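Notes follow the structure.
In full-length UniProt numbering, the protein residues as written are 1 to 448.
And the structure:
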């Protein structure tokens, strides 16, 4: 028997030989037989990794982009039954989502973006960029995509299919009649999972990712009711260090404004170009957009913190933002729920806001903690006074000192008053687009 040795070329692009694999559940591992090409690719990766231990500089945070699968249009036609109406599982401001199954049997959600435009292309690129950068159990992973072809002038994105739909659909009492209601333990786990996902996006990715559209319809639930943040079509990207040259080289959808912008003074606090960006095009969902974003076009990680606070109130109450606002207005003649919720906390009258479907199966002290946290996240005048998401994670994991200190500070600051109707008025020089106000709530299940 004769054996022939084969020399490995470490300069070869391993992406051309390493086979694509579908994402597996974090709680299980699938073992598959390795063919020659797969074994060879693994050897290349190991050899390259060992060599980099001695040669590569340390990067923080590291940039390790995933390899996404490039689907053909025909593959996705077959997977979705020729995009059958029976397979439609969601429709939103930017496209239609179909349930499908790949040839290997893996269930997927295929999102077709609406007819191609500059906006649609920017959203497509943002989704793909996030998909390449992000790997986290609380963020929806992107499997692959399909670009415009001769057969179709469309852009398509392929995700794992989430059996339990969106958080919005599970909180909707009419839509959830055939499903068991979310108990308090599950709601706490969802709140923590979303917080962990946002903390990862803000602080632990190669580029800081600002979602800009956090809401229950963009929080998907897997088979274990574990939350996954989805729909990154409006995402903005910021370099952690914001070096002058780097931000200027990014495309428009990855940087809000040139890094040379001047330092601003707002509400007595310095907000510099190391924490914020600006845009003249205001896009988002009514009720979840932070006031500094609507009024001045300024966005930062604290923009997502504001939306997270609104989502917490919905998670506790089971009511949409619109219903909460109507309830607050009818009871206390306030424009938005902030003052009303603070009054409920001071009076310890939690029954007015707790979802009756939980039937008292909850801890009142835990309810109080989450309500206070939501109010702190929704501070109006000073975005800098909102906690960052890593602090939110700490509070949800049991750090009471941080919450107590912030609540005491908020109680002393009477300027944090209710929002006013003029908050939503149009502002010259900016284009305001509510991506959801014209749609029924059940049309907003993600990925959008």
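Note that the Cβ used here is the ideal one computed from N, Cα and C, for glycine as well. All of these numbers come straight from a predicted model, not from anything done at the bench.
Check your understanding: Touch check for the stretch 107–116 and the stretch 150–169: three-plus C-beta pairs under 8 angstroms?
Key -> The stretch 107–116, when compared against the stretch 150–169, does touch it at the 8 angstroms Cβ threshold.
Exercise for review: Between the Cα of residue 122 and those of 288, 312, 235, spot the shortest distance and give me the residue it belongs to.
Suggested key: The candidate whose alpha carbon is nearest that of residue 122 is 235.
Practice item. Take residue 199 and list the residues in its own chain whose beta-carbon comes closer than 7 angstroms to its own, dropping the five residues that flank it on each side. Key: Hits under 7 angstroms: 389, 390, 393.
Point to revise | Nearest-angstrom Cα separation, counted from residue 148 out to residue 355 | key: Distance between the alpha carbons of residue 355 and residue 148: 45 angstroms.
Review point. According to DSSP, which residues form a beta bridge with residue 377?
Key: Beta-bridge pairing links residue 377 to no other residue.
Check your understanding: Do you know how far the Cα of residue 283 is from the Cα of residue 353?
Key -> Computed Cα separation, rounded: 29 angstroms.
Review point. For residue 239, which residues does DSSP report across the bridge?
Key: When DSSP reads this structure, residue 239 sits in a beta bridge with 207.
Point to revise | Euclidean distance between Cα positions of residue 131 and residue 194 | key: Their Cα atoms are separated by approximately 17 angstroms.
Exercise for review: Over the uninterrupted beta strand (DSSP E) stretch that includes residue 110, give me the two end residues.
Suggested key: The continuous beta strand (DSSP E) containing residue 110 extends over residues 107–113.
**Study point:** Paired residues, beta bridge with residue 119 - DSSP
**Key:** In DSSP, residue 119 forms no bridge with anything.
Point to revise | residue 94 - DSSP class collapsed to helix/strand/coil | key: In this structure, residue 94 counts as coil in the three-state DSSP scheme.
Exercise for review: For residue 166, name the three-state secondary structure that DSSP assigns.
Suggested key: Residue state, collapsed to three classes: strand.
Review point. Alpha carbon to alpha carbon, what distance is there between residue 318 and residue 180?
Key: Whole-angstrom Cα-Cα distance: 14 angstroms.
Review point. Based on Cα-Cα distance, which residue from 316, 214, 338 lies nearest to residue 326?
Key: The residue with the shortest Cα to Cα distance from residue 326 is 338.
Review point. Residue 185: which of 70, 372, 384, 315 sits nearest, CA to CA?
Key: Answer by Cα proximity: 315.
Review point. In the stretch 278–315, which residue ranges form an unbroken beta strand (DSSP E) of at least 3 residues, counting only runs that do not cross its ends?
Key: Every beta strand (DSSP E) stretch that sits fully inside the stretch 278–315 and reaches 3 residues is listed by chain position as 281–284.
Point to revise | For residue 402 and residue 119, the rounded distance between their alpha carbons | key: It is roughly 40 angstroms from the alpha-carbon of residue 119 to the alpha-carbon of residue 402.
Practice item. Alpha carbon to alpha carbon, how far is residue 85 from residue 170? Give it in angstroms, no decimals. Key: Approximately 22 angstroms between the Cα atoms of the pair.
Check your understanding: Looking only at C-alpha atoms, which of 88, 127, 76 sits nearest to residue 103?
Key -> Closest by alpha carbon: 76.
Point to revise | Where the alpha helix (DSSP H) through residue 229 begins and ends | key: Per DSSP, residue 229 lies in no alpha helix (DSSP H) segment; the continuous beta strand (DSSP E) that holds it begins and ends at 227–229.
Exercise for review: Run the CB neighbour count on residue 267, radius 10 Å, all protein chains shown included, and call it buried at 16 or more, exposed below.
Suggested key: The predicted model places residue 267 with a pLDDT of 32, which falls under 50 and marks its position as unreliable; any figure quoted below should be read in that light. So residue 267 counts as exposed.
Check your understanding: Counting pairs of Cβ atoms below 8 angstroms between the stretch 364–374 and the stretch 294–306, do you hit three or more?
Key -> The stretch 364–374 is not in contact with the stretch 294–306.
**Study point:** Distance between beta carbons of residue 311 and residue 188, contact taken as under 8 angstroms
**Key:** The distance from the Cβ of residue 188 to that of residue 311 is about 13 angstroms, inconsistent with a contact at the 8 angstroms cut-off.
Practice item. Determine, using beta carbons only, whether residue 320 and residue 168 come nearer to each other than 9 angstroms. Key: Yes. Within cutoff.
Check your understanding: Cβ of residue 66 within 9 angstroms of Cβ of residue 162?
Key -> Going by C-beta atoms, residue 66 is not nearer than 9 angstroms to residue 162.
Point to revise | Rounded C-alpha distance that separates residue 397 from residue 183 | key: Residue 397 and residue 183 have their alpha carbons spaced roughly 18 angstroms apart.
**Study point:** Other residues of its chain near residue 406: CB distance less than 7 angstroms, five sequence neighbours each side excluded
**Key:** Taking residue 406 as the centre and dropping the five residues before and after it, the same chain places the C-beta of 376, 387 closer than 7 angstroms to its C-beta, in chain order.
Point to revise | Between the CA atoms of residue 399 and residue 69 - distance to the nearest angstrom | key: Cα to Cα, the separation comes out at about 41 angstroms.
Point to revise | Neighbourhood of residue 295 by C-beta distance below 6 angstroms, restricted to the same chain and skipping five residues each side | key: There are no such residues.
**Study point:** Cβ-Cβ distance between residue 218 and residue 231 below 9 angstroms
**Key:** Yes.
Exercise for review: With distances taken Cα to Cα, identify the nearest neighbour of residue 138 among 126, 223, 83, 80.
Suggested key: When only C-alpha atoms are compared, the closest one is 223.
Practice item. Tell me, please, which residues DSSP counts as bridged to residue 145. Key: DSSP, once it has assigned bridges, lists 70, 157 as partnering residue 145.
Exercise for review: State the start and end residues of the unbroken alpha helix (DSSP H) segment that holds residue 220.
Suggested key: No alpha helix (DSSP H) contains residue 220, which is instead part of the beta strand (DSSP E) from 219–221.
Review point. Are residue 239 and residue 192 close, meaning C-beta to C-beta below 9 angstroms?
Key: It is not a contact, given that the beta carbons lie outside the stated cut-off.
Practice item. Pull up the distance between the alpha-carbon of residue 73 and that of residue 146, whole angstroms please. Key: Going by the C-alpha atoms only, they are around 6 angstroms apart.
Exercise for review: Would you list the residues sitting across from residue 88 in a DSSP beta bridge?
Suggested key: DSSP lists 98 as partners of residue 88.
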